[in-house]
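*Asks:* Taken in order, the sequence shown gives residues 2 to 133; the numbers are from my numbering.
The C-beta atom is built at its ideal place from N, Cα and C for all residues, glycine as well.
My questions all concern the structure below.
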Amino acid sequence: GVATMTVKRRCHGRNKKGRGHVNRVRCVSTGKAIPKDKAIKRFIVRNIVEASALRDIRESSCIEGYQLPKIYIKQFYSIEAAIHQRIVRVRSRELRRSREPPQRNRPAFTPREGAAAGGAGGPPKPAAPVGA
2 GVATMTVKRR CHGRNKKGRG HVNRVRCVST GKAIPKDKAI KRFIVRNIVE
52 ASALRDIRES SCIEGYQLPK IYIKQFYSIE AAIHQRIVRV RSRELRRSRE
102 PPQRNRPAFT PREGAAAGGA GGPPKPAAPV GA
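Dropping the structure here:
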């Protein structure tokens, strides 16, 4: 038979699948133009005011219980920048197969009594055995 080349990732490092060409986006960190499907995407929701100044503003506000606006940013990183800034990590051959998102730690959020506890996340599946 024909010897097939080994492939490091089943998606070849992007999420294109039959599109042929994808528009490029600029990396937030380096300004490098990278294909949108290859870029590492992070959606950041942050208070416009950082936590230290939040209390002062709450106290000096004339409106009781005023909800401060949040800032919503969609950020794209090139692979190099994301690895360098530790947004993503290099994973072993077995761990590269795992498609589930990493464990999120949200200390501020406590689930209400009516909500279903631990929805889609669940405990991580055990890694594939080395012999596989």
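Compute the Euclidean distance between the alpha carbons of E60 and N106, then round it to the nearest angstrom.
*Replies:* The alpha-carbon atoms of E60 and N106 are separated by roughly 29 Å.
*Asks:* Work out the CA separation of K37 and K18 for me, nearest whole Å.
*Replies:* Cα to Cα, K18 sits roughly 13 Å from K37.
*Asks:* Do K33 and S79 count as a contact pair if the criterion is CB distance below 8 Å?
*Replies:* Yes, they are a contact pair.
*Asks:* Here's the rule: buried if 16 or more other CB atoms are within 10 angstroms of the residue's CB, otherwise exposed. What is F77?
*Replies:* It counts as buried.
*Asks:* Quick one: which unbroken alpha helix (DSSP H) runs of 4-plus residues sit fully inside the segment 26-109? Chain order, please.
*Replies:* Listed in chain order, they are 52-61, 80-85, 94-97.
*Asks:* Which value, in whole angstroms, describes the spacing of the CA atoms of S99 and Y67?
*Replies:* So the two alpha carbons sit approximately 42 Å from each other.
*Asks:* Flag I84 as yes if its beta-carbon sits less than 8 Å from any beta-carbon of chain B, otherwise no.
*Replies:* Looking for chain B here will not work: only one protein chain is present.
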